[in-house]
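Residue numbers (my numbering), protein chains in the order written: chain H, 58 to 308; chain X, 920 to 1328. Notes follow once the structure below has been shown.
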């Protein structure tokens, strides 16, 4: 069985192994994935969106753009999620259109993050009014604007790093990984001394607490591409030695 | 308008109100089991002004043809308006739902309780309006309707064999078995009940066709038991784990059972029915555990709520919607409210309602609309300014949508 047939079979079976197969085939798989848009079972179309995201070729933008207006929300979400991971310039019109007009706030929120990967004057003009409001859509629009270099949005996020509520400082430090600009690292570095408990993890009835400094470690390692001697992930509560190591590496 | 009400100084007039409709045909029935087509309106107050009243969640399976979609029902109850008053229902916009009962253009019956049925058309929001006199008469009440298309959440079921020192069950004087005694059918039945509860909120848990029964966990403290407060939790969730999926583990006991020197028992047997960690805050090891003592699908629905990141209190005070963290009361925490609206909510801390035993008893607290001493399945839609446990639907849908992508900010 050749790769094309194998991918077609996996898609028709609704198997998520199709995502790995598509990755193996790379951009050559895009025509097959494009043809899946006409298939009736929505699971096939949903998996096709994941496949395009795994291939990560901007030439697959039209497939993801079509996914945004699919008749099934699982396909729409899959398309939006992939568009929020990296830049697909060919999907700019669709992203901005659905960002403004999707009946689902959930999709709009994801697409605000997708817009942050698509620098253009139109993107900025679309995001600015959304960022002025309250709620998750406004927050994501501000993050996208910050990623696109908007000074006011960046200043707003930097200000939130000093917010009174620990959770706000914690969340903002995490959001700076999406913004992805190493020049913001000095602002985050100040939080390495912030030991306030911010986010319960683990069991509700026996929680452990991630502190603001734990999130700062994650973000600094990401932004500065630091090589540290310990595992880094969102469930770690770091020791004093580990935090000190990050302080020294970012000094 | 035929409202007859004695008024001294001032009085709030409530001509009509909406309520859950447990029975598909009889609008006088006020209590009944969980039903995907009988959602509970979030009727906590009149705010925000954009909503103006209660909010009704409606589930939508977009893969089902319009004519085959089930009807969602809600009762309209006359409070201060006379039964003789002619009432009509209309829609602000017909893009999200269509009215199927009463027949469009006809008046509601002249009874105290009336049935209204809707069919989901498309994702979106609208208002169901109650008009007096005719379909163009004045609007005397309205209900916001929010249509939620179904987001699929994949569930990988596991029934692991847990090897360790046998622990004698005092009830049977035999050791707990190494593996859950649940059948595939009973596991599917639990998930089915969770789906009944979550349908109006647009979440569907899709259990894999094959339930994994081959996984083996060795060197646990006790046979057939997972001590969720130890590393055994993460060791279990790593077993045959499927990424970006709800991994659900069905085990005989979630406990440790060790007797401490002071005579107390750490993490006792037969206490923890289910447990789960949030996929949002524990993106690597999140998981769901259900013990063999869990009898109701409401348990799995509740724990799936935790997995989908509720309660999400930014100040970290609330453990459940009715309990707050208190170091003096480890575990479930301190009960801070127990009103009948709280008792209807899925994230209520307890699996059944405590009956009033001291006279005067209050039977309306024992049955809050789902049967005797049965906790409801409500997730909140509204955001009330001073409630830190609100917007549960938004949280669960957001977490569900994020489950198919890698963890990130």
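Cβ atoms here follow ideal geometry from the backbone N, Cα and C, with glycine treated the same way. If you're wondering where the values come from, they're calculated on a predicted model, not measured in any experiment.
For residue i, collect the residues of the same chain with a Cβ closer than 6 Å to its Cβ; drop the 5 residues on either side in sequence, then sort them by chain order.
i	result
residue 1163(X)	1322, 1323
residue 1271(X)	1292
residue 1058(X)	1048, 1050
residue 1252(X)	1238, 1242, 1243, 1244, 1245
residue 948(X)	941, 942
residue 988(X)	1038, 1039
residue 161(H)	none
residue 124(H)	106, 132, 136
residue 1268(X)	1239, 1241, 1242, 1251
residue 934(X)	999, 1000, 1059
residue 159(H)	165
Compute the Euclidean distance between the alpha carbons of residue i and residue j, then round it to the nearest angstrom.
i	j	result
residue 75(H)	residue 942(X)	44 Å
residue 94(H)	residue 216(H)	44 Å
residue 129(H)	residue 980(X)	9 Å
residue 1090(X)	residue 278(H)	53 Å
residue 952(X)	residue 1290(X)	6 Å
residue 1278(X)	residue 1257(X)	18 Å
residue 963(X)	residue 283(H)	49 Å
residue 225(H)	residue 269(H)	9 Å
residue 1221(X)	residue 306(H)	44 Å
residue 308(H)	residue 1225(X)	40 Å
residue 63(H)	residue 71(H)	12 Å
residue 1255(X)	residue 1280(X)	20 Å
residue 1204(X)	residue 1036(X)	42 Å
residue 1305(X)	residue 969(X)	18 Å
residue 1029(X)	residue 1018(X)	19 Å
residue 296(H)	residue 1130(X)	39 Å
residue 1296(X)	residue 200(H)	35 Å
Leaving out five residues on either side along the sequence, give the residues of the same chain with a beta carbon under 7 Å from the beta carbon of residue i.
i	result
residue 1328(X)	Residue confidence for residue 1328(X) is low, a pLDDT of 49 falling below 50, so the modelled location carries little weight; the figure read from the coordinates is stated next. Nothing meets the Cβ criterion.
residue 940(X)	946, 957, 992, 993, 994, 1034
residue 1229(X)	1266, 1311, 1314, 1315
residue 921(X)	1000, 1001, 1003, 1004
residue 927(X)	none
residue 151(H)	122, 125
Going by alpha carbons, who is nearest to residue i out of the options?
i	options	result
residue 204(H)	121(H), 263(H), 185(H)	185(H)
residue 149(H)	195(H), 179(H), 297(H), 132(H)	179(H)
residue 1100(X)	1172(X), 1068(X), 1141(X)	1172(X)
residue 195(H)	267(H), 157(H), 220(H), 302(H)	157(H)
residue 1151(X)	266(H), 260(H), 306(H)	260(H)
residue 1213(X)	1191(X), 1199(X), 1196(X)	1191(X)
residue 1010(X)	923(X), 1044(X), 934(X), 998(X)	1044(X)
residue 1159(X)	1081(X), 1143(X), 1181(X), 1134(X)	1134(X)
residue 91(H)	80(H), 106(H), 98(H), 82(H)	106(H)
residue 1122(X)	1280(X), 1231(X), 1072(X), 1204(X)	1072(X)
residue 950(X)	1107(X), 1305(X), 1320(X), 1284(X)	1284(X)
residue 865(X)	1240(X), 1250(X), 1106(X)	As shown, chain X starts at 920 and ends at 1328. That puts residue 865(X) outside it, with no answer to give.
residue 1114(X)	1026(X), 1218(X), 1255(X), 1066(X)	1218(X)
residue 69(H)	86(H), 99(H), 87(H), 85(H)	99(H)
residue 173(H)	159(H), 141(H), 64(H)	141(H)
residue 1022(X)	1007(X), 1032(X), 1012(X)	1007(X)
residue 1298(X)	1118(X), 935(X), 1169(X), 1248(X)	1118(X)
residue 1025(X)	1234(X), 1015(X), 1056(X)	1056(X)
residue 210(H)	290(H), 232(H), 223(H)	232(H)
residue 1074(X)	1083(X), 1053(X), 1065(X), 1106(X)	1106(X)
Leaving out five residues on either side along the sequence, give the residues of the same chain with a beta carbon under 8 Å from the beta carbon of residue i.
i	result
residue 147(H)	115, 116, 118, 119, 122
residue 1086(X)	1094, 1095, 1141, 1142, 1143, 1144, 1172, 1176, 1188
Name the DSSP bridge partner or partners of residue i?
i	result
residue 1243(X)	1237(X), 1253(X)
residue 1017(X)	1038(X)
residue 266(H)	257(H)
residue 1080(X)	1098(X), 1135(X)
residue 938(X)	994(X)
residue 1045(X)	1064(X)
residue 1329(X)	Outside the displayed span of chain X (920 to 1328) sits residue 1329(X), for which this structure offers no information.
residue 1051(X)	1006(X)
residue 1088(X)	1093(X)
residue 1124(X)	1072(X)
Any heavy atom of the ligand ZN closer than 7 Å to the CB of residue i?
i	result
residue 302(H)	Absence of the ligand ZN from the depicted structure is noted, as is the absence of any ligand whatsoever, leaving it without description.
Self-check item: In chain order, each alpha helix (DSSP H) run of at least 4 residues that lies wholly inside the segment 161 to 214 of chain H
Solution: Whole alpha helix (DSSP H) segments, 4+ residues: 162 to 172, 178 to 188, 193 to 204.
Exercise. Scan the segment 1134 to 1195 of chain X and note each continuous beta strand (DSSP E) run of 3 residues or more that stays entirely inside, going in chain order.
Key: As for any beta strand (DSSP E) of minimum length 3 sitting wholly inside the segment 1134 to 1195 of chain X, the runs are 1135 to 1141, 1165 to 1170, 1193 to 1195, ordered along the chain.
Quiz prompt | Members of the segment 1140 to 1165 of chain X near chain B, C-beta cut-off 8 Å | solution = Given the protein chain composition of this structure (H and X), no chain B is represented.
Quiz item: What runs of the beta strand (DSSP E), each 3 residues or longer, lie entirely inside the segment 953 to 1039 of chain X?
Solution: For the segment 953 to 1039 of chain X, whole beta strand (DSSP E) runs of length 3 or above, ordered along the chain, are 974 to 979, 990 to 997, 1006 to 1010, 1016 to 1020, 1032 to 1039.
Practice problem: Entirely within the segment 1258 to 1327 of chain X and at least 4 residues each: give me those alpha helix (DSSP H) ranges in chain order. | Solution: List check, alpha helix (DSSP H) in window: 1259 to 1262, 1282 to 1285, 1311 to 1321.
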